[in-house]
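Chemist: Chains B and U, in that order, are what the protein sequence lines are.
Quick note on numbering: the first sequence equals residues 82 to 345 in the numbering used here.
Quick note on numbering: the second sequence equals residues 9 to 284 in the numbering used here.
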Amino acid sequence: MTPLYFDAAGRRLYGVLHGGLCDVGVLMVGPLGQEAVRVHRMLRVLSDRLSRQGLPVLRFDPFGSGDSEGTDEDLNLATWTRDVVAADAQLRERARCSATIWLGIRLGATAALLAAGRSTPRALVLWEPVVDGEAYLRSLAADHAQALRYSFGPLRPCDEAPPPPAHLGEALGFGMSDTLCTELVRLEHATLPAPARACTVIAPASHAAARWIGAHTAASGAAARCRFVSFEHRFDWTSEEALNTALVPADAVRLLVGEVEASR
Amino acid sequence: MNESLVSFGCERHLTGVLLQPGQPSSTVGVLLFNSGVIHRVGAHRLNVKWARALGADGHLSLRFDLSGQGDSLMPQRPLPRAQQVQDDLRHAVDELGRAGARRVVIIGICSAAMHGLAAAQRDERIGGLLMIDGHAYPTWRTPWYYHWRRISARGVADNWRAAWRSLVAARQVRAAEQADAGDADPVAQPTREAFAESLRLLARRGVSVRMIYTATWSRFYSYPAQFQDVFGAEPFARQVEVLFAPHVDHTLTPLAAQAEVTALARAWLREVALQA
Chain B
82 MTPLYFDAAG RRLYGVLHGG LCDVGVLMVG PLGQEAVRVH RMLRVLSDRL
132 SRQGLPVLRF DPFGSGDSEG TDEDLNLATW TRDVVAADAQ LRERARCSAT
182 IWLGIRLGAT AALLAAGRST PRALVLWEPV VDGEAYLRSL AADHAQALRY
232 SFGPLRPCDE APPPPAHLGE ALGFGMSDTL CTELVRLEHA TLPAPARACT
282 VIAPASHAAA RWIGAHTAAS GAAARCRFVS FEHRFDWTSE EALNTALVPA
332 DAVRLLVGEV EASR
Chain U
9 MNESLVSFGC ERHLTGVLLQ PGQPSSTVGV LLFNSGVIHR VGAHRLNVKW
59 ARALGADGHL SLRFDLSGQG DSLMPQRPLP RAQQVQDDLR HAVDELGRAG
109 ARRVVIIGIC SAAMHGLAAA QRDERIGGLL MIDGHAYPTW RTPWYYHWRR
159 ISARGVADNW RAAWRSLVAA RQVRAAEQAD AGDADPVAQP TREAFAESLR
209 LLARRGVSVR MIYTATWSRF YSYPAQFQDV FGAEPFARQV EVLFAPHVDH
259 TLTPLAAQAE VTALARAWLR EVALQA
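Pasting the structure below:
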């Protein structure tokens with residue numbers, strides 16, 4: 082496990098490289114804000130498992146998150162997608178990979194999907210990609226209110242109505258710029274590109290991503306390279322502690338490792 | 009300011025980010041590390057935000073992961089958890105010393121505050137502690153204020169619902185406590201006398217101690233004068249500054265709460281730097 086900083090067109094990003102050299106590597110694209118904090122341990126465990134199976138893995142913090150440069154408000158989908166491409170180049174260079182598999186989670190899966198058009202990953206494995214940005218913003222606002230209710234109990238100073246999704250401003254302890262919120266408001270099934278690469282989407286059967294991938298495969302005839310894997314879980318994406326759900330759910334790790342291996 | 013990666017510890021198994029200010033204004037180094045299971049960036053990325061805000065004021069800092077957490081590895085022969093944490097903190101203070109810090113302060117929430125207090129007792133290089141929701145010692149008034157605030161904040165129907173939920177929750181807590189009975193708590197609450205002895209020691213050494221208690225901790229600390237009610241007869245009670253902050257939560261979720269505590273930390277550190 083080698084922590085490192087690397088340059089992405091003038092933006093200094095933090096990443097961790099697991100494993101040695103191999104012609105195929107895995108790029109982890111984690112989620113946004115509190116969800117990224119929540120899954121950090123799971124990403125480390127996943128990376129350790131994959132690297133033990135011979136696959137080098139790079140996980141990284143996009144600009145404006147984690148230990149990378151930039152403030153919360155600097156993070157947006159446009160820079161995030163560029164950071165995914167830069168991180169992919171780092172992985173190829175450092176682990177001497179000729180091919181990469183991108184494993185994206187939540188909004189990170191969406192960023193990976195958007196970035197895939199600008200790069201050449203061999204395959205995408207996307208866990209619950211955000212395909213309806215406005216609904217995602219509404220869910221963040223609801224989770225934010227819930228977190229405050231949990232922390233304050235009835236002592237919460239006031240229960241204000243959340244601002245409109247395009248101007249959310251903050252969610253679960255992280256600043257959110259209008260740029261990011263506007264990008265998310267515009268993000269919907271119809272505006273998302275069809276996966277240009279072999280793609281596995283993992284989500285509960287009722288998740289919007291199931292309808293999105295179904296519509297794309299029907300419309301574009303991309304069924305041969307797209308697969309939907311139904312996966313139900315009790316993992317709480319935004320809680321600060323495990324709160325009665327596993328920090329590293331074994332079934333999720335097993336499934337993700339299996340899907341990455343299958344894409345190899 | 010410049011952020012660089014450092015590996016340190018007896019097996020170089022600890023990973024951290026050392027922030028060196030562009031124009032150093034003091035020889036104080038700030039130490040930031042994990043709270044609970046959260047990796048070194050901290051809840052809501054607070055450790056990064058604090059390190060950069062304090063770096064802009066000219067203060068050096070190190071934020072790092074304890075053994076086995078975040079991006080740090082476990083040593084080949086780990087110590088029992090509480091000892092391992094103290095060993096890690098000693099190495100982190102060494103690392104800040106190598107970077108030029110002559111005096112180290114620790115800012116921590118919850119378990120980080122508690123580990124910080126234990127470290128400050130053992131390590132004379134630690135000259136300041138800012139503890140958010142650390143150890144708290146209730147008085148007979150604490151449950152009264154706690155329940156009174158909650159009851160007066162709710163309507164009648166909500167109070168009945170809350171009473172029912174409390175009964176259910178109490179049963180669940182008892183069951184969980186029985187299930188956890190065998191686990192050793194690495195940050196077990198010291199007795200009131202042991203805590204007082206810690207603060208006496210720190211006061212004798214001139215360690216600057218600030219404590220903040222938030223709304224989330226109000227079951228344990230529920231009114232402004234609680235610290236004085238418990239420890240007011242002690243000479244150190246005049247030196248320790250305690251802020252009861254029922255308008256903020258445990259992990260400073262609203263950005264306004266983050267800004268308020270960051271401003272407080274900056275002002276406090278200016279004082280510590282002047283003393284140093």
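Don't be surprised by glycine CBs; every beta carbon is placed ideally from N, CA and C.
Can you give me the C-alpha to C-alpha distance between Gly30 of chain U and Ser226 of chain U, rounded to a whole angstrom?
Modeler: Position 22 of the second sequence holds residue 30 of chain U. Position 218 of the second sequence holds residue 226 of chain U. Computed Cα separation, rounded: 40 Å.
Chemist: Could you check which residue in B:Ile294, B:Asp259 and B:Val118 has the C-alpha nearest to that of Thr272 of chain B?
Modeler: For this step, residue 272 of chain B is matched to residue 191 along the first sequence. Comparing Cα positions, the closest option is B:Ile294.
Chemist: Give, in chain order, every unbroken run of the beta strand (DSSP E) that is at least 3 residues long and sits entirely within the segment 58–135 of chain U.
Modeler: List check, beta strand (DSSP E) in window: 68–72 and 111–117.
Chemist: Of all the beta strand (DSSP E) runs that stay within the bounds of the segment 86–173 of chain B, which reach a length of 3 or more residues?
Modeler: Counting whole runs of 3 or more residues, the segment 86–173 of chain B contains the beta strand (DSSP E) stretches 92–99, 105–110 and 138–142.
Chemist: Once DSSP output is grouped into helix, strand and coil, what is the label at Ser266 of chain U?
Modeler: Looking up residue 266 of chain U in the second sequence gives position 258. For clarity, residue 266 of chain U is Gln in the given sequence; the question names Ser instead. Correct three-state label for Gln266 of chain U: helix.
Chemist: Rounded to whole angstroms, how far is the Cβ of Arg246 of chain B from the Cβ of Glu215 of chain B, which I believe are closer than 8 Å?
Modeler: Counted from its first residue, the first sequence places residue 246 of chain B at position 165. Counted from its first residue, the first sequence places residue 215 of chain B at position 134. Note on residue identity: the sequence assigns Pro, not Arg, to residue 246 of chain B. About 5 Å; that satisfies the 8 Å criterion.
Chemist: Give the residues from the segment 46–60 of chain U that approach chain B closer than 9 Å (Cβ to any Cβ), ordered along the chain.
Modeler: Residues Ile46, His47, Arg48, Val49, Gly50, Ala51, His52, Arg53, Leu54, Val56, Lys57 and Arg60.
Chemist: Tell me Glu11 of chain U's beta-bridge partners as DSSP assigns them.
Modeler: Numbered from its first residue, the second sequence carries residue 11 of chain U at position 3. U:Leu27, per the DSSP bridge assignment.
Chemist: Anything in chain B within Cβ reach of Gly78 of chain U, meaning under 9 Å, just list it in chain order.
Modeler: Here residue 78 of chain U refers to the residue found at position 70 of the second sequence. Here the neighbours are His121, Arg122 and Arg125.
Chemist: Could you check how far apart the C-beta atoms of His123 of chain U and Ser80 of chain U are, in whole angstroms? I think they sit under 8 Å.
Modeler: As a working note, residue 123 of chain U is residue 115 in the second sequence. As a working note, residue 80 of chain U is residue 72 in the second sequence. Going by Cβ atoms, the distance from His123 of chain U to Ser80 of chain U rounds to 14 Å, so no, they are not a contact pair.
Chemist: Checking 8 Å against the spacing of the C-beta atoms, do Ala319 of chain B and Leu253 of chain B come in under that value?
Modeler: Start at 1 with the first residue of the first sequence, and residue 319 of chain B comes out as number 238. Start at 1 with the first residue of the first sequence, and residue 253 of chain B comes out as number 172. The question names Ala, yet the displayed sequence has Thr at residue 319 of chain B. Their beta carbons are under 8 Å apart, which means Thr319 of chain B touches Leu253 of chain B by this criterion.
Chemist: Verify the CB distance criterion: does Asp141 of chain U have a CB-CB separation below 8 Å to chain B?
Modeler: Walking along the second sequence from the start, residue 141 of chain U turns up at place 133. Asp141 of chain U does not count as touching chain B.
Chemist: To the nearest angstrom, report how far apart Arg149 of chain U and Arg157 of chain U are at their CA atoms.
Modeler: Taking the second sequence and counting its residues from 1, one reaches residue 149 of chain U at position 141. Taking the second sequence and counting its residues from 1, one reaches residue 157 of chain U at position 149. Arg149 of chain U and Arg157 of chain U: Cα-Cα distance of roughly 12 Å.
Chemist: Keeping to the same chain, check which residues put their C-beta closer than 6 Å to that of Ala279 of chain B; ignore five residues upstream and five downstream.
Modeler: Stepping through the first sequence from its first residue, residue 279 of chain B is reached at position 198. Closer than 6 Å at Cβ, skipping near neighbours: Ala204 and Arg306.
Chemist: If you draw a straight line from the alpha carbon of Gly50 of chain U to that of Ala109 of chain U, how long is it in whole angstroms?
Modeler: Here residue 50 of chain U refers to the residue found at position 42 when the second sequence is read from its first residue. Here residue 109 of chain U refers to the residue found at position 101 when the second sequence is read from its first residue. C-alpha separation (whole angstroms): 22 Å.
Chemist: Use the C-beta contact count for His258 of chain U: other C-beta atoms within 10 angstroms, 16 or more gives buried, fewer gives exposed.
Modeler: Within the second sequence, residue 258 of chain U is the residue found at index 250, counting from 1. It is buried - the Cβ of His258 of chain U has at least 16 other Cβ atoms within 10 Å.
Chemist: Residues of chain B with CB closer than 9 Å to the CB of Ala23 of chain U, please, in chain order.
Modeler: Numbered from its first residue, the second sequence carries residue 23 of chain U at position 15. For the sequence presented, residue 23 of chain U should be read as Thr rather than Ala. In chain order: Met82, Pro84 and Val97.
Chemist: With distances taken Cα to Cα, identify the nearest neighbour of Glu209 of chain B among B:Ile283, B:Leu229 and B:Phe309.
Modeler: Taking the first residue of the first sequence as 1, we reach residue 209 of chain B at position 128. The residue with the shortest Cα to Cα distance from Glu209 of chain B is B:Ile283.
Chemist: Taking the alpha helix (DSSP H) that Glu215 of chain B belongs to, which residues open and close that run?
Modeler: Within the first sequence, the letter at position 134 stands for residue 215 of chain B. Gly214 to Phe233 is the extent of the alpha helix (DSSP H) around Glu215 of chain B.
Chemist: Consult DSSP for Gly50 of chain U and reduce its assignment to one of helix, strand or coil.
Modeler: As a first step, residue 50 of chain U is located in the second sequence; it is residue number 42 there, counting from the start. Of the three classes helix, strand and coil, the one that applies to Gly50 of chain U here is coil, per DSSP.
Chemist: Can you pull out the residues from the segment 150–165 of chain U whose beta carbon lies closer than 8 Å to at least one beta carbon of chain B?
Modeler: Against chain B - using a Cβ distance shorter than 8 Å - the residues of the segment 150–165 of chain U are Arg157, Arg158, Ala161 and Arg162.
Chemist: Let me confirm a value: Met123 of chain B is counted as buried when at least 16 other C-beta atoms fall within 10 Å, else exposed. Which label applies?
Modeler: Residue mapping note: residue 123 of chain B aligns to position 42 of the first sequence, counting from 1. By the neighbour-count rule (16 or more Cβ atoms within 10 Å), Met123 of chain B is buried.
Chemist: If you run the structure through DSSP and keep just helix, strand and coil, what is Ala242 of chain B?
Modeler: One-based indexing of the first sequence puts residue 242 of chain B at position 161. Three-state DSSP puts Ala242 of chain B in coil, outside helix and strand.
Chemist: Hey, does Gly91 of chain B have any beta-carbon neighbour from chain U nearer than 8 Å?
Modeler: The sequence position of residue 91 of chain B within the first sequence is 10, counting from 1. Taking Cβ atoms only, chain U never reaches closer than 8 Å to Gly91 of chain B, which makes this a no.
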